[in-house]
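Chains as they are written, first to last, in the working numbering: chain A, 13 to 113; chain B, 3 to 490. Glycine is no exception: its CB is placed at the ideal position from the N, C-alpha and C atoms. Everything on this sheet refers to the single structure shown next.
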Amino acid sequence: MAETISRDDVAHVASLAKLAFDEAKLDQFTDQLTDILTLFETLSEVDTSAVEPTYSVTPNVNHLREDVADNWHQKQELLANSPEEAADLIKVPAIIKGEDD
Amino acid sequence: MTFNYFDHDLSDLHQKLLNHELTAQELTQATLDNIAASDGDVQAFLGTNGPEALQQAQELDEKGDFSNPLAGIPMGLKDNLSTKGLETSGASKILAGFKPVYDATVVQKLQAAGAISVGKLNMDEFAMGGSTENSAYQKTTNAWDHTKVPGGSSGGSATAVAAGQIPYALGSDTGGSIRQPAAFNGIVGFKPTYGRVSRFGLFAMASSLDQIGPLTRTVKDNALVLNAIAGFDKMDSTSVESEVPDFTARLGQGIKGMRIAVPKEYFEEGIDPKVAQQVKSAIEQLRELGATVDEVSLPHTRYGVAAYYIIMSSEASSNLQRYDGIRYGFRSPDAKSLEDVYVKTRSEGFGDEVKRRIMLGTFSLSAGAYDAFFKKAAQVRTLIVEDFNKVFNDYDLIVGPTAPTTAYGLGEEINDPKAMYLADALTIPVNLAGLPGLSINAGFVDGLPVGLQLIGKPFDEATIYQAAQAFEDATRWFEKRPAVAEKY
Chain A
13 MAETISRDDV
23 AHVASLAKLA
33 FDEAKLDQFT
43 DQLTDILTLF
53 ETLSEVDTSA
63 VEPTYSVTPN
73 VNHLREDVAD
83 NWHQKQELLA
93 NSPEEAADLI
103 KVPAIIKGED
113 D
Chain B
3 MTFNYFDHDL
13 SDLHQKLLNH
23 ELTAQELTQA
33 TLDNIAASDG
43 DVQAFLGTNG
53 PEALQQAQEL
63 DEKGDFSNPL
73 AGIPMGLKDN
83 LSTKGLETSG
93 ASKILAGFKP
103 VYDATVVQKL
113 QAAGAISVGK
123 LNMDEFAMGG
133 STENSAYQKT
143 TNAWDHTKVP
153 GGSSGGSATA
163 VAAGQIPYAL
173 GSDTGGSIRQ
183 PAAFNGIVGF
193 KPTYGRVSRF
203 GLFAMASSLD
213 QIGPLTRTVK
223 DNALVLNAIA
233 GFDKMDSTSV
243 ESEVPDFTAR
253 LGQGIKGMRI
263 AVPKEYFEEG
273 IDPKVAQQVK
283 SAIEQLRELG
293 ATVDEVSLPH
303 TRYGVAAYYI
313 IMSSEASSNL
323 QRYDGIRYGF
333 RSPDAKSLED
343 VYVKTRSEGF
353 GDEVKRRIML
363 GTFSLSAGAY
373 DAFFKKAAQV
383 RTLIVEDFNK
393 VFNDYDLIVG
403 PTAPTTAYGL
413 GEEINDPKAM
423 YLADALTIPV
433 NLAGLPGLSI
443 NAGFVDGLPV
453 GLQLIGKPFD
463 EATIYQAAQA
473 FEDATRWFEK
483 RPAVAEKY
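Structure representation (structure tokens):
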């Protein structure tokens, strides 16, 4: 089991999670996550070599239904929640660099 | 008209509405007045919807059909339950102003029953926390002592009921978020079996653990609300098609001969001796009422917190990817590129506890850590499930404390996330195993309520209610009123 998490690891995980931290926050999170990982380490005391993992406790397998299209959201209501819209579409900043500059 | 919920349970309100001693409009207006009188002290509501509630009450009065036990009676909803057209933020800045385009299934069901929602209740941001201090908007206080936390994450729901603002509320429970605030506020809080209640329209935190349930002053009230919200829903593939019984059916039957197990591990590490004493005398009362009580062992209890925080944060980090500033909610005004929209929106929109859990989850799922953390936690989860199964071969119920302490002071724990996580140790295993669990007031320590937790077999909520009702009849702790009750 990985023993610790370094400041660089924390910065890397932040980039995976699409989060940015300033220097002070990065230090604080490194300390806090290190502390919490010591808690996680206690699991290594448990012998799980012959144990199947449990990812869900539902007795269900799958509920299947007829594949019938059902249009029950109104486009305008959905668009009303978008931060920016144009021409009945959700507007986002340029995806390709340079286009908007 | 003034109206005090401490004088009436749901059955009583129902009779008064049926007999036309009371109208839905009078009751709704009195409820809104009570909230206005006390919410300055407890800050349970993020928002009320008085005009819509009064309109709905008027329509009910005109129709005159109060045959449903919940018809015409006001209630409140945790702010992670979608309400069509009404702001639902999950107490997060990233969803400021968000108005869902549909109602959660539980909201639809309550509406169909004629229940009147008067507002949305405060919570820890995205239900992440145990004190409601992680709300991006306000600090809810404990109904019994306004310098103490209400518990969390359904702190607004628990305080609003305990303070007599509303007769019941819905909350959600991923690792104790209904039971622990119910314990801290001295009310009844129930997390049903995983799959008993549809999660459709509940903001997903950890999908294999989340479950919606009622918070009420009495056991019977709780069973009445669960009657209304339980059942299969085609919109939630994890909701279960099994028959929904009448959860009030076995109330009053007593507990003679019921086999109760008390796990010794629930009285070990970190439990306040006064809380332990209070819970032990509650268990003694169950014995006096005719149950057989034995000490048992749930040996993997101490690994529950670690397994839970890995599984929950992993699922949460995936679920919260949807908050990206594109389709709804907050978008950072400084974002110049698409990548900027994601990173700046999430960094500015989420609070620290949410970020911490996203980081823990992203780490636990990342290459190199997956087997050691996520898979390992899922294996330990299996052992915790097996611990419960073994005990339930010989017993009807497992009983112990809900939380290791009474409500602590506002601001006392918030800077030590690990300590906050460890405080969930007694509620978490129930979610990992998907079991039903209820917290009921078992008396007071230094003026603050103590919760007794009753844990049952999957889909055996009725036995829990039966035992809780017997305990409530014998103790009647719910009759004690906090000072805030004088406001009405």
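Residues of its chain near residue i, where Cβ-Cβ distance is below 6 Å and the 5 sequence neighbours each way are ignored
i: residue 294 of chain B; result: 261
i: residue 14 of chain A; result: Only weak support is given to the placement of residue 14 of chain A: the predicted model assigns it a pLDDT of 48, under 50, and the value that follows is read from those uncertain coordinates. Answer for residue 14 of chain A: no residue qualifies.
i: residue 52 of chain B; result: 34
i: residue 472 of chain B; result: 256, 257 and 291
i: residue 252 of chain B; result: 464 and 468
i: residue 96 of chain A; result: 103
i: residue 240 of chain B; result: 197
i: residue 201 of chain B; result: 212 and 238
i: residue 331 of chain B; result: 96, 97 and 100
i: residue 218 of chain B; result: 170, 190 and 224
Chain B contact for residue i (CB, 7 Å cutoff)
i: residue 88 of chain A; result: no
i: residue 80 of chain A; result: no
i: residue 108 of chain A; result: no
i: residue 93 of chain A; result: yes
i: residue 51 of chain A; result: yes
i: residue 13 of chain A; result: For residue 13 of chain A, the predicted structure reports a pLDDT of 44, less than 50, and the residue's modelled location is therefore unreliable. A value from the coordinates is still provided. Taking Cβ atoms only, chain B reaches closer than 7 Å to residue 13 of chain A, which makes this a yes.
Residue i Cβ short of 6 Å to the ligand ADP heavy atom set
i: residue 67 of chain B; result: This structure lacks the ligand ADP, and indeed carries no ligand of any kind.
C-beta neighbour in chain A for residue i, strict 7 Å
i: residue 261 of chain B; result: no
i: residue 305 of chain B; result: yes
i: residue 477 of chain B; result: no
i: residue 221 of chain B; result: no
i: residue 461 of chain B; result: no
i: residue 103 of chain B; result: yes
i: residue 420 of chain B; result: yes
i: residue 158 of chain B; result: no
i: residue 199 of chain B; result: no
i: residue 240 of chain B; result: yes
i: residue 432 of chain B; result: no
i: residue 345 of chain B; result: yes
i: residue 49 of chain B; result: no
i: residue 333 of chain B; result: yes
i: residue 210 of chain B; result: yes
i: residue 349 of chain B; result: yes
i: residue 339 of chain B; result: yes
i: residue 324 of chain B; result: no
i: residue 181 of chain B; result: no
Reference residue i, options the options, closest by Cα
i: residue 115 of chain B; options: B/289, B/230 and B/59; result: B/230
i: residue 103 of chain B; options: B/117, B/359, B/111 and B/84; result: B/84
i: residue 203 of chain B; options: B/224, B/173, B/188 and B/193; result: B/173
i: residue 207 of chain B; options: B/320, B/342, B/13 and B/64; result: B/320
i: residue 117 of chain B; options: B/134, B/171, B/272 and B/268; result: B/171
i: residue 51 of chain A; options: B/375, B/468, B/65 and B/447; result: B/375
i: residue 476 of chain B; options: B/385, B/289 and B/373; result: B/289
i: residue 150 of chain B; options: B/409, B/436 and B/425; result: B/409
i: residue 23 of chain B; options: B/106, B/45, B/63 and B/194; result: B/63
i: residue 61 of chain B; options: B/69, B/26, B/32 and B/47; result: B/26
i: residue 105 of chain A; options: B/339, B/425, B/271 and B/423; result: B/339
i: residue 447 of chain B; options: B/65, B/146, B/112 and B/66; result: B/146
i: residue 421 of chain B; options: B/273, B/46, B/121 and B/442; result: B/273
i: residue 311 of chain B; options: A/49, A/81, A/86 and A/61; result: A/49
Cβ-based neighbour list, residue i, same chain, cut-off 8 Å, excluding 5 preceding and 5 following
i: residue 39 of chain A; result: 19
i: residue 266 of chain B; result: 297, 298 and 299
i: residue 427 of chain B; result: 271, 272, 303, 304, 306, 307 and 406
Proximal residues to residue i (C-beta, below 7 Å), its chain only, five neighbours per side dropped
i: residue 4 of chain B; result: 32 and 490
i: residue 393 of chain B; result: 263, 298, 300 and 400
i: residue 232 of chain B; result: 194, 198, 199 and 246
Check whether the stretch 92-107 of chain A touches the stretch 410-420 of chain B, counting contact only when three or more Cβ pairs, one atom from each stretch, lie closer than 8 Å. no
Residues, ordered as in the chain, of the stretch 17-48 of chain A that lie near chain B by beta-carbon distance below 9 Å: 17, 21, 22, 24, 25, 26, 27, 28, 29, 30, 31, 32, 33, 37, 40, 41, 44, 45, 47 and 48
Can you give me, in chain order, the residues of the stretch 53-72 of chain A that have a beta carbon less than 7 Å from any beta carbon in chain B? 54, 55, 58, 60, 63, 64, 65, 66, 67, 68, 69, 70, 71 and 72
Across the stretch 439-457 of chain B and the stretch 225-236 of chain B, are there enough close Cβ pairs to call them in contact, namely three or more that are closer than 8 Å? no
Check whether the stretch 466-481 of chain B touches the stretch 134-149 of chain B, counting contact only when three or more Cβ pairs, one atom from each stretch, lie closer than 8 Å. no
Does the stretch 260-274 of chain B come close enough to the stretch 350-366 of chain B that 3 or more CB-CB pairs lie under 8 Å? no
So, do the stretch 316-333 of chain B and the stretch 84-96 of chain B have three or more beta carbon pairs nearer to each other than 8 Å? yes
Relative to chain A, which residues along the stretch 378-391 of chain B have a C-beta separation below 8 Å, given in chain order? 378, 379, 380, 381, 382, 383, 384, 385 and 387
Below 8 Å, can you find three or more Cβ-Cβ pairs linking the stretch 264-282 of chain B to the stretch 367-381 of chain B? no
Touching or not, the stretch 154-165 of chain B and the stretch 24-44 of chain B, by the rule of three or more beta carbon pairs under 8 Å? yes
Proximal residues, the stretch 356-369 of chain B versus chain A, C-beta separation under 7 Å: 357, 358, 360, 361, 362, 364, 365 and 368
Flag this pair as touching only if the stretch 55-65 of chain B and the stretch 173-187 of chain B have three or more C-beta atom pairs under 8 Å; answer yes or no. no
When you compare the stretch 69-85 of chain A with the stretch 69-78 of chain B, are there three or more beta-carbon pairs, one atom per stretch, that lie closer than 8 Å? no
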